[in-house]
Amino acid sequence: MKDFRIVKNKNNSFNLIGKIKVKVVLAIAILVISLFFTQLVFANGLSTGGLRLAEIEDDIKKLEAENRILKNQIANESSLATLSAEAGDLGFKNYLQATTP
Amino acid sequence: MARIKILQIIIFCAFLIIILRLAYWQFFSSFKKENESILRESEIPASRGQIHAADGFPLAANEEAFLLYGKPHEINKSSQEIAKELAPLLISEKYATLSAQISEDLIKQKDEAIKNEEEELLNKLNNKNLYWVQLARKVPSQVKGKIQELAIAGLGFERDEKRFYPEASMAAQLLGFMGFDKFGRDVGYNGIEGYWDSHLRGKNGRLGQEQDPFGLPILVGKYKPIPPKQGDSLYLSIDRTVQFIAEDKLKKAVEKYGAKDGTVIVAEPATGHILAMATYPNFNPALRSEFEEKLYRNPAVSDTFEPGSIFKLITMSAALDLSQVEPNTRCPCTGPVTIDGYEISTWNKKYHPNSTMTEIIQNSDNVGMTYVAEKLGVDKFYDYIAKFGFGKLTGIDLQSEAGGNIRAKQEWRNIDLATASFGQGIAVTPIQMVQSVSAIANGGKLVPMRLVVEIGEDEHKERVKSQGSKQVISAKTASRITEMMVNAVRKGEARFFAPKGYRIAGKTGTAQIPVAGHYDPNKTIASFIGFAPADDPKFVMMVRFSQPSSSPFGSETAAPTFFEIAKELFNYYSILSSE
Numbered sequence: 003m004k005d006f007r008i009v010k011n012k013n014n015s016f017n018l019i020g021k022i023k024v025k026v027v028l029a030i031a032i033l034v035i036s037l038f039f040t041q042l043v044f045a046n047g048l049s050t051g052g053l054r055l056a057e058i059e060d061d062i063k064k065l066e067a068e069n070r071i072l073k074n075q076i077a078n079e080s081s082l083a084t085l086s087a088e089a090g091d092l093g094f095k096n097y098l099q100a101t102t103p
Numbered sequence: 004m005a006r007i008k009i010l011q012i013i014i015f016c017a018f019l020i021i022i023l024r025l026a027y028w029q030f031f032s033s034f035k036k037e038n039e040s041i042l043r044e045s046e047i048p049a050s051r052g053q054i055h056a057a058d059g060f061p062l063a064a065n066e067e068a069f070l071l072y073g074k075p076h077e078i079n080k081s082s083q084e085i086a087k088e089l090a091p092l093l094i095s096e097k098y099a100t101l102s103a104q105i106s107e108d109l110i111k112q113k114d115e116a117i118k119n120e121e122e123e124l125l126n127k128l129n130n131k132n133l134y135w136v137q138l139a140r141k142v143p144s145q146v147k148g149k150i151q152e153l154a155i156a157g158l159g160f161e162r163d164e165k166r167f168y169p170e171a172s173m174a175a176q177l178l179g180f181m182g183f184d185k186f187g188r189d190v191g192y193n194g195i196e197g198y199w200d201s202h203l204r205g206k207n208g209r210l211g212q213e214q215d216p217f218g219l220p221i222l223v224g225k226y227k228p229i230p231p232k233q234g235d236s237l238y239l240s241i242d243r244t245v246q247f248i249a250e251d252k253l254k255k256a257v258e259k260y261g262a263k264d265g266t267v268i269v270a271e272p273a274t275g276h277i278l279a280m281a282t283y284p285n286f287n288p289a290l291r292s293e294f295e296e297k298l299y300r301n302p303a304v305s306d307t308f309e310p311g312s313i314f315k316l317i318t319m320s321a322a323l324d325l326s327q328v329e330p331n332t333r334c335p336c337t338g339p340v341t342i343d344g345y346e347i348s349t350w351n352k353k354y355h356p357n358s359t360m361t362e363i364i365q366n367s368d369n370v371g372m373t374y375v376a377e378k379l380g381v382d383k384f385y386d387y388i389a390k391f392g393f394g395k396l397t398g399i400d401l402q403s404e405a406g407g408n409i410r411a412k413q414e415w416r417n418i419d420l421a422t423a424s425f426g427q428g429i430a431v432t433p434i435q436m437v438q439s440v441s442a443i444a445n446g447g448k449l450v451p452m453r454l455v456v457e458i459g460e461d462e463h464k465e466r467v468k469s470q471g472s473k474q475v476i477s478a479k480t481a482s483r484i485t486e487m488m489v490n491a492v493r494k495g496e497a498r499f500f501a502p503k504g505y506r507i508a509g510k511t512g513t514a515q516i517p518v519a520g521h522y523d524p525n526k527t528i529a530s531f532i533g534f535a536p537a538d539d540p541k542f543v544m545m546v547r548f549s550q551p552s553s554s555p556f557g558s559e560t561a562a563p564t565f566f567e568i569a570k571e572l573f574n575y576y577s578i579l580s581s582e
């Protein structure tokens with residue numbers, strides 16, 4: 003009787019430990035799998051991010067270049083050399099050359 | 004059981020395929036491109052700082068340009084064919100801007116330039132030992148577009164920048180220009196570009212970026228970019244309108260008077276700020292190589308010359324300050340005087356006995372100045388020359404400034420004292436003259452001349468600290484010499500050109516040019532220096548012509564130009580005439 007109880011207890015504790023192990027292994031497995039998929043999702047996002055970043059950088063460069071071209075064009079058109087030549091073409095004269103009636 | 008096994012095998016195979024594919028991407032595909040490292044280390048060039056006028060308008064900006072390179076072993080066309088196609092696109096931009104009707108000479112020049120460019124390109128492209136060869140630098144975007152249209156394999160571009168000058172040749176000598184150092188890097192030479200090069204150039208950045216086999220950045224990789232630090236922009240005291248007026252009038256005057264060259268400096272006496280610094284002939288810095296090298300120099304700060312009669316102001320200031328003479332002190336001045344065997348006479352051989360000091364300045368009397376110099380003596384005169392800043396650099400923020408030439412005091416003989424009193428036998432620079440007369444205009448206080456007022460960008464601009472000013476003559480002396488200068492303008496040789504209703508203080512100068520130990524009888528340097536309005540000077544200005552051919556005298560060349568510019572400035576600054 004005593005021996006049977008001992009055996010039974012041993013069987014019970016074995017089952018208990020086994021159950022815990024299975025649960026832990028299962029939880030870890032789920033965690034690892036979920037982390038793995040999370041990483042996949044992020045890696046997937048990042049893999050296309052490189053392309054997107056390159057595109058954005060290209061866009062920035064293009065816009066900066068356009069901006070600079072426009073700034074230079076404005077400076078060129080508003081330079082005193084250009085304005086003076088255009089004023090001359092339109093018939094404007096220096097105030098010292100003006101005659102008043 | 005068998006189905007589970009099959010599933011396991013399928014999963015295993017799927018993983019194996021993924022691993023093999025990853026291995027292929029990670030290793031094998033990148034090995035194909037032997038020379039393309041996964042980690043790309045490249046330099047990010049820093050933009051050069053811009054140079055602005057006082058109103059913020061850019062005098063020197065930047066525009067996109069490219070470096071054109073070739074990889075001879077990748078080129079699939081014959082070198083001759085490529086050179087023929089590229090050469091007309093890579094010759095000087097001068098030919099691109101020419102109108103359709105160009106002279107035969109220019110057509111010949113253009114053909115010659117194309118031929119030379121072709122030869123140069125051929126030499127570079129035929130060297131098949133080279134993996135990479137630079138074909139051209141600073142190629143403009145439009146030219147890049149045309150080259151790309153030719154679709155030649157083995158040619159490529161690297162982004163670069165070059166200077167853009169919205170006002171073309173305005174203030175060219177003052178700005179300086181861009182060239183390359185021995186490593187092929189951009190470097191500024193002369194003027195502002197040279198003096199402020201370390202501030203303007205900025206600091207290149209570095210891009211250490213991991214890339215996938217397609218050249219795209221790997222975001223989870225090591226990504227350590229060091230951003231470039233853009234060069235500091237400079238804000239000058241140059242007033243674009245004043246500069247434009249000065250250049251326009253100077254160009255017309257040099258042509259009218261047949262001068263070899265001309266210089267105009269306009270400055271604000273109270274601050275020492277240069278408002279305009281014009282030189283003619285000048286050059287277009289964008290097409291610098293098309294002009295003679297001697298034009299790159301800025302005579303306003305680099306040229307030393309014997310100032311002639313404009314230096315009488317310094318001699319008289321010293322004598323008045325030391326109370327050696329008073330404005331009404333009279334000089335016998337009956338005729339030429341002989342010193343150490345040399346005869347000193349007046350410029351027109353006319354003599355004015357019993358002239359006052361005011362009249363000596365009015366008549367620009369050399370004999371009278373000799374009388375003043377004798378009263379001063381070498382020691383005192385020399386001290387004042389040094390006090391006014393002659394014989395040393397003014398410290399203006401421009402590269403290639405000359406210090407002039409004043410002999411050591413011990414070497415001065417009586418004749419040196421006499422000739423120096425009317426500005427012969429000593430060498431000064433135009434900027435030194437302007438600085439010293441600016442001190443007279445400024446109540447005797449000498450304020451060092453400078454150009455850069457602020458450094459930096461937008462909200463981060465910093466004001467450049469000015470060097471300390473010093474009192475070189477008393478306010479009373481300054482006021483007295485000013486009255487003498489006003490009198491010289493009203494009653495002197497140039498009185499007919501002076502605008503009516505303004506109190507202008509000024510002095511003409513006609514200096515002979517020393518050539519091989521003697522003075523050339525036919526060549527002069529004609530000048531006029533002064534300030535206005537005399538009671539509250541808004542500007543001090545100097546006009547100088549080298550070897551004018553229509554008349555050798557400053558009163559007939561430099562003085563009329565001074566007054567022409569002054570009239571425009573009175574209008575610009577809304578200074579009303581009293582008449």
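Going down the list, the protein sequences come from chains A and B.
Residue 103 is where the first sequence ends in this note's numbering, and the numbering goes up by one at each step.
Residue 582 is where the second sequence ends in this note's numbering, and the numbering goes up by one at each step.
Ideal placement from N, C-alpha and C gives every residue a C-beta, glycine not left out.
From a predicted model like this one, the values you see are computed outputs, not experimental measurements.
Option in B:366, B:354 and B:56 with minimal Cα separation from residue 488 of chain B: The option with the nearest alpha carbon to residue 488 of chain B is B:366.
Assigned secondary structure, residue 27 of chain B (DSSP; H/G/I helix, E/B strand, else coil): Here residue 27 of chain B sits in helix by DSSP.
Boundaries of the beta strand (DSSP E) in which residue 346 of chain B is found, first to last residue: Its beta strand (DSSP E) spans residues 345-347.
Exposure of residue 442 of chain B, with buried meaning 16 or more beta-carbon neighbours within 10 Å: Burial state of residue 442 of chain B is buried, judged by a 10 Å Cβ sphere holding 16 or more other Cβ atoms.
Same chain only: Cβ atoms within 6 Å of residue 371 of chain B, ignoring 5 sequence neighbours per side: Answer for residue 371 of chain B: 334, 336, 358 and 363, listed in chain order.
Coil, strand or helix - residue 430 of chain B by DSSP: The answer is strand: DSSP assigns residue 430 of chain B an E or B state.
Residue burial classification, residue 513 of chain B (beta-carbon count within 10 angstroms, cutoff 16): Under this definition residue 513 of chain B is a buried residue.
Those residues which DSSP pairs with residue 136 of chain B across a bridge: According to DSSP, which records beta bridges pairwise, residue 136 of chain B is partnered with B:73.
7 Å Cβ cutoff met for residue 193 of chain B and residue 179 of chain B: Result yes, Cβ atoms of residue 193 of chain B and residue 179 of chain B sit closer than 7 Å.
Cβ-Cβ distance between residue 54 of chain B and residue 195 of chain B below 7 Å: With respect to the 7 Å criterion, residue 54 of chain B and residue 195 of chain B are classified as neighbours on the basis of their beta carbons.
Close-in-space but distant-in-sequence residues of the same chain around residue 65 of chain B (CB under 8 Å, 5 per side omitted): Scanning its chain for C-beta atoms nearer than 8 Å, with the 5 sequence neighbours on each side dropped, one finds around residue 65 of chain B the residues 50, 51, 53, 164, 165, 166 and 167, in chain order.
Beta strand (DSSP E) segment containing residue 84 of chain A, residue limits: No beta strand (DSSP E) holds residue 84 of chain A; the alpha helix (DSSP H) holding it covers 82-91.
Neighbour flag for residue 94 of chain A against chain B, beta carbons, 7 Å: Output row for residue 94 of chain A: interface = no.
Three-state secondary structure assigned by DSSP to residue 445 of chain B: The answer is coil: DSSP assigns residue 445 of chain B none of H, G, I, E or B.
Bridge partners - residue 239 of chain B, DSSP secondary structure assignment: Looking at the DSSP output, residue 239 of chain B shares a beta bridge with B:455.
Segment limits, alpha helix (DSSP H) that includes residue 173 of chain B: Annotation for residue 173 of chain B: no alpha helix (DSSP H) segment contains it, and DSSP assigns it neither H nor E.
For residue 84 of chain B, the residue or residues it bridges with in DSSP: For residue 84 of chain B, which the question treats as bridged, DSSP gives no partner whatsoever.
Local conformation of residue 531 of chain B per DSSP, three classes: Residue 531 of chain B: strand per DSSP, three-state reduction.
Integer Cβ distance of residue 272 of chain B from residue 417 of chain B, believed to fall under 8 Å: Wrong, their Cβ atoms sit about 34 Å apart, outside the cutoff.
Residues bridged to residue 510 of chain B [DSSP beta-bridge criterion]: According to DSSP, which records beta bridges pairwise, residue 510 of chain B is partnered with B:532.
For residue 189 of chain B and residue 88 of chain A, the rounded distance between their alpha carbons: In this structure, the straight-line span from the alpha carbon of residue 88 of chain A to that of residue 189 of chain B is close to 35 Å.
Separation of residue 142 of chain B from residue 67 of chain B, as counted between CA atoms: Computed Cα separation, rounded: 9 Å.
At least 3 beta-carbon pairs within less than 8 Å: the stretch 278-296 of chain B vs the stretch 378-390 of chain B: With contact defined as three or more Cβ pairs closer than 8 Å, the stretch 278-296 of chain B and the stretch 378-390 of chain B are not in contact.
Within the stretch 283-314 of chain B, ranges of the alpha helix (DSSP H) (whole runs, at least 4 residues): Counting only runs of 4 or more, we get 302-305.
Spatial neighbours of residue 313 of chain B in its chain, beta-carbon cut-off 7 Å, leaving aside the 5 residues before and after: Excluding sequence neighbours, residue 313 of chain B sits near 426, 436, 510, 512, 530 and 532.
Chain-ordered chain B contacts of residue 74 of chain A [CB-CB under 9 Å]: The contacting residues are 61, 64, 65, 66, 167 and 169.
Bridge partner(s) assigned by DSSP for residue 478 of chain B: BP columns for residue 478 of chain B are empty, so no partner.
Proximal residues, the stretch 232-244 of chain B versus chain A, C-beta separation under 8 Å: Answer in chain order: 243 and 244.
7 Å Cβ cutoff, residue 247 of chain B in contact with chain A: Yes - at least one Cβ of chain A is within 7 Å of the one on residue 247 of chain B.
Cutoff 6 Å; reference residue 404 of chain B; Cβ partners in own chain excluding five residues on either side: For residue 404 of chain B, the CB contacts under 6 Å within the same chain, skipping 5 residues up- and downstream, are 304 and 396 in chain order.
7 Å Cβ cutoff, residue 78 of chain A in contact with chain B: True, the Cβ-Cβ gap to chain B drops below 7 Å.
At least three beta-carbon pairs within less than 8 Å, the stretch 338-354 of chain B to the stretch 320-329 of chain B: Short answer: they don't touch.
Interface partners of residue 28 of chain A on chain D, CB under 8 Å: No chain D appears in this structure, whose protein chains are A and B.
Chain B contact for residue 36 of chain A (CB, 7 Å cutoff): So no, residue 36 of chain A is outside the interface.
Residue environment, residue 356 of chain B, which counts as buried when at least 16 other CB atoms sit within 10 Å: Using a 10 angstroms sphere on the CB of residue 356 of chain B, the tally of other CB atoms stays under 16, which defines it as exposed.
Rounded C-alpha distance that separates residue 63 of chain A from residue 90 of chain B: Residue 63 of chain A and residue 90 of chain B: Cα-Cα distance of roughly 29 Å.
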